[in-house]
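A short write-up of the structure that comes next.
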Amino acid sequence: MAFPSSTRAFDIARCTAGLLRFATPGEMDALLGHLPKSRVEQAVHSFGRPNRVVLEALLRRGRPGDLDLLVQHAVLAGDPPELLGRLLDLDDPEVNATLLTAESALGRIPRNLRRQLAHQTSRRDGVTPLPLPAEVREALLSTRGQEPLDHALLCAADPDLAGDALLYLGAGADPHGAVLACLTLLDADRRDEIRQLVEDGRLPAFRWGPEESEPSVLAYAQAALASAEGERRLRELARRVRRPEFLRSVAEIADVDGCEPWRGAPLVRTVVNRRHPCVPRVGWDAVLADEPRRRAAEGPFPLRAARFVARRTDAPLDLVRIVIADHPDVGALLADPAPEVLTDLAAAGAGPDVIVKVVGNGFAAGTLTAEFVTATVPEHALRAVAETLWIPGMRGTAQVRARLGLDGDVALTPPFVDETGHGRTRRLREPGVWHHWDPVLAYGEEAGRLFAGGGEVTADAVLAAANVNAVLMALDVNPALDEVEGRPDPRVLRRLAEHVDRHLGGRPEAWMVALKLLEDGFVGTLPELLATAGAVSS
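Each number in the working numbering comes from the position in the sequence shown (counting from 1) with 1295 added on.
This is the structure in structure tokens:
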């Protein structure tokens, strides 16, 4: 006599992370208040990649502990890349302080971002003061020895911080920052401090700039103290030195060097082409206002600038639509595509590969619904959306399939396939690594035996026989320590997403019942567990 199978999580935190891969943004917002903190922290990663639904739900909730976790994730993991932009867009002094003082990860914070945060002005205009919290400021004044941070503080608009950093670094200070610090002290009418630095030889005394064409910072400071002309020259130099960029035109966005010509060569080259796209501040109003003139003179949007705009999290919709009209392919880079963008792409006849990525990102960000997608996307592209195997957007894919009547059991022929719609860096399994293709490792021994018989195996049959821990815990938490030997096939996970959508969809209480059954144990298969959770909470 065969005993019914049982479903129970060995590690409920990791299994919760796996199941939450299929939650919608609205469901995740409701679940955050009911899940233990430890489970939420593990759920930010599953299947070796960030779970954007969880990350952005934490961002929307905005508790201090959530923001600390997000800052650590953005700095240490750097994935998804738009998370850093989301945090910077908050323009929150506490978040900025956490980023600026993240000691263990300073090497991972772009140098230009450290300068921007140290300057303590609003990301939106680069001028409005945005002071760091008082306790952080006091800590910065009393702590020295973190060299990247000390050099960044030379750019602070606060004369106490800038002057203290300059006094500490002395003649070894970065000359660009030293010039800015001297100007800050001048503007604060603290000439005595500059004079003392000059007398003590505590300013950079070496020539610098392209081919050492610039006199030393010490010489500029001496001249500024001696005459009005010397002060004017120091101020003029401060306008040209490297500082946190504020881009105000398409030319500045697209320019590899992003620098103003001076004597045939720039004083300092910026790093538009090498830096994180979310870092520099942009005056979007100025860019939009100048676009009609630029367009008449220069033509369509430059591709480099278009890719930059698409990766930004604060780009205005009007500009994004202009960019997409000129370069439909960059729509795949949009982290949170608006419905208008999908409408524009559909009207322009964009290819299915672009539509699939835009729709998947829209599902993950909560900006698109299955109803809107099925009503907007042309039939040939809609079929590609319904068949996609891109894990981050799988719940939305399940909803589209249900609306098209395509949901249901599918044959696993061949037994394993790879993901679709994700790009080369997101491959699910490697061709030459056998354990990536082993059904026993992916689903457990009982389900693995299904593939040994030679007959047709379906997704539902696998889910009914699979070890739930193999299916959900394979959605591993830490991609840097990815030791998962077996990975479920995306078609199996897509079918699981359909079960989730059918039984738990739109009801956070059903999710909680399912997680409770998973933790305590359920006599039956995983699909039966989901069906029971839905029935109990209906």
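Ideal Cβ positions, reconstructed from N, Cα and C, are used throughout, including at glycine.
Q. Per DSSP, which one or two residues make a beta bridge with R1344?
A. S1341
Q: Check the DSSP bridge columns for L1542 and list the partner residues they point to.
A: V1577
Q: Return the Cβ separation of T1608 and E1377 in integer angstroms, given the expectation that the two are a contact with Cβ distance under 8 Å.
A: 5 Å
Q.
For the structure I just gave you, are there three or more beta carbon pairs, one from the stretch 1656-1670 and one from the stretch 1345-1358, closer than 8 Å?
A. yes
Q. Among all the DSSP beta bridges, which residues are the ones paired with F1817?
A. T1302
Q. If you run the structure through DSSP and keep just helix, strand and coil, what is P1424?
A. strand
Q) With 16 other CB atoms within 10 Å as the buried threshold, where does H1675 fall? A) exposed
Q. Which residues mark the beginning and the end of the alpha helix (DSSP H) in which P1359 is found?
A. 1359-1367
Q. Is the Cβ-Cβ distance between I1686 and E1714 less than 8 Å?
A. yes
Q: With DSSP as the reference, please indicate the residues paired to A1641 in a beta bridge.
A: A1641 is not bridged to any residue.
Q. Which one of E1635, H1731, Q1415, L1612 has the shortest CA to CA distance from P1539?
A. Q1415
**Q.** Per-residue DSSP class, three states only, for L1824
**A.** helix
Q. When you compare only the Cα positions, how much space is there between D1631 and V1651?
A. 13 Å
**Q.** Buried or exposed (CB count within 10 angstroms, at least 16 for buried), D1302
**A.** Reading off the sequence shown, one finds Thr at residue 1302, where the question assumed Asp. Buried, by the Cβ-count rule.
Q: Taking 8 Å as the cut-off, decide whether the C-beta atoms of D1324 and R1355 are in contact.
A: yes
Q | Best match in D1815, S1833, L1812 for proximity to R1797 [C-alpha to C-alpha] | A | S1833
Q) So does the stretch 1573-1592 actually touch the stretch 1541-1551, counting three or more Cβ pairs closer than 8 Å? A) yes
**Q.** Rounded separation between R1490 and A1549 - CA only
**A.** 41 Å
Q: Compare the beta carbon distance of L1637 and V1625 with 8 Å and say whether it is the shorter of the two.
A: no
Q.
Our contact map puts P1499 next to L1513 with C-beta atoms below 8 Å; I'd like the distance itself, whole angstroms only.
A. 6 Å
Q. When the Cβ atoms of the stretch 1427-1447 are set against those of the stretch 1599-1606, are three or more pairs found closer than 8 Å?
A. no
Q. Between which two residues does the alpha helix (DSSP H) harbouring Q1517 extend?
A. 1512-1521
Q. Taking P1505 as the reference, which of D1495, R1419, R1537, L1383 has the closest Cα?
A. R1537
Q.
Just to confirm, is the Cβ distance from G1313 to M1768 under 8 Å?
A. yes
Q) Skipping 5 residues on each side, what residues in its chain have a beta carbon closer than 6 Å to that of V1566? A) Residue placement at V1566 is poorly supported in this model, since its pLDDT is 44, which falls under 50; the coordinates still yield a value, given next. If we look at V1566 and ignore the five residues flanking it on each side, it has no Cβ neighbours.
Q. Within 10 angstroms of its Cβ, does W1729 collect 16 or more other Cβ (buried), or is it exposed?
A. exposed
Q | For L1799, the nearest candidate out of T1820, A1828, L1583 (CA to CA) | A | A1828
Q: On a CA-only basis, which of A1413, G1644, P1470, R1530 is nearest E1389? Give me that one, please.
A: A1413
Q: Assign R1527 to buried or exposed, taking buried as 16 or more other Cβ atoms, counted over all protein chains shown, within 10 Å of its Cβ.
A: exposed
(Q) What does DSSP give as the partner residue(s) for A1468 in the beta ladder? (A) Answer is none; A1468 lacks a bridge partner.
**Q.** Close beta carbons around H1329, own chain, < 8 Å, minus the five adjacent residues each side
**A.** P1803, M1807
Q: Pick out whichever of W1732, A1451, T1319 has its Cα sitting closest to the Cα of V1712.
A: W1732
Q | Limits of the unbroken alpha helix (DSSP H) element including R1616 | A | 1612-1621
**Q.** Rounded straight-line distance, which links the Cα of A1620 to that of D1613
**A.** 11 Å
Q. For W1806, which of helix, strand or coil comes out of DSSP?
A. helix
Q. Counting along the chain, where does the alpha helix (DSSP H) carrying F1658 start and finish?
A. 1647-1660
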